[in-house]
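In my numbering, the protein residues as written are 26 to 211. We put the CB at the ideal spot given by N, CA and C, even for glycine.
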């Protein structure tokens with residue numbers, strides 16, 4: 026790598042660090058115990074690894090769509106890291122927005138969804154742990170409103186990341202994971 030030249034991809038250490046930070050953070054709240062819990066947590070973890078691999082490692086979506094994107098939007102360098110925020114970039118280009126993709130409306134909405142998801146996981150975990158310890162059904166906190174707030178938390182986190190950095194792989198995985206969480210909740 027030449028000095029002074031930005032390398033927007035191939036940052037495998039960031040793939041590993043971000044994946045581990047978010048997976049460990051989610052694990053600390055979700056605390057999977059059963060095989061069913063581990064499957065759902067494993068699928069969520071795979072979603073995060075796929076996301077961060079495209080965000081910092083190898084931009085598969087950009088490569089696959091580069092011909093179409095460069096024909097439709099020749100003024101955009103889609104191989105720059107900022108352009109990987111596809112919703113911000115495309116909507117901004119179409120409507121003439123001149124904003125930092127990290128401060129645009131999709132990115133701010135994604136922060137809210139991700140934060141809300143982690144808060145829901147945090148508030149749910151202690152209540153569930155105590156209820157399981159007493160061999161009771163959790164009925165307080167988020168459980169007073171919904172039977173499986175952890176699943177809603179995971180879906181909120183994934184939705185936030187999709188707004189922030191949509192990829193073909195995660196767009197395919199998302200409805201499968203939502204279906205899996207709905208099925209597990211029954």
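According to DSSP, simplified to helix, strand and coil, what is residue i?
| i | result |
| --- | --- |
| residue 32 | coil |
| residue 178 | helix |
| residue 79 | helix |
| residue 26 | Unreliable positioning characterises residue 26 in this predicted model, as indicated by a pLDDT of 44, which lies under 50. The coordinate reading is nonetheless provided below. It is coil, neither helix nor strand. |
| residue 165 | coil |
| residue 102 | coil |
| residue 59 | coil |
| residue 48 | helix |
| residue 123 | coil |
| residue 64 | helix |
| residue 130 | helix |
| residue 191 | coil |
| residue 171 | coil |
| residue 84 | coil |
| residue 211 | coil |
| residue 159 | coil |
Name the residue from the options whose alpha carbon lies nearest to the alpha carbon of residue i.
| i | options | result |
| --- | --- | --- |
| residue 138 | 178, 96, 51, 118 | 178 |
| residue 38 | 78, 66, 67, 64 | 78 |
| residue 175 | 110, 72, 64, 150 | 150 |
| residue 43 | 85, 186, 201, 94 | 186 |
| residue 152 | 165, 190, 142, 202 | 165 |
| residue 128 | 63, 114, 181, 99 | 114 |
| residue 105 | 80, 163, 200, 205 | 80 |
| residue 195 | 34, 142, 86 | 86 |
| residue 123 | 101, 140, 142, 135 | 101 |
| residue 183 | 198, 171, 161 | 198 |
| residue 168 | 180, 117, 154 | 154 |
| residue 157 | 33, 36, 59, 103 | 59 |
Go through its chain and collect everything with a Cβ distance to residue i's Cβ below 6 angstroms, but skip five positions before and after it.
| i | result |
| --- | --- |
| residue 248 | Any property of residue 248 remains undetermined from this structure, which presents the chain solely from 26 to 211. |
| residue 57 | 63, 66 |
| residue 98 | 118 |
Excluding the 5 residues flanking residue i on each side, which residues of the same chain have their C-beta closer than 7 angstroms to its C-beta?
| i | result |
| --- | --- |
| residue 110 | 126, 132, 189, 190 |
| residue 11 | Residue 11 cannot be examined here, being either before or after the span of the chain that is shown, 26 to 211. |
For residue i and chain C, any beta-carbon pair shorter than 8 angstroms?
| i | result |
| --- | --- |
| residue 123 | As a matter of chain content, chain C is missing from the structure shown, which is built from one protein chain. |
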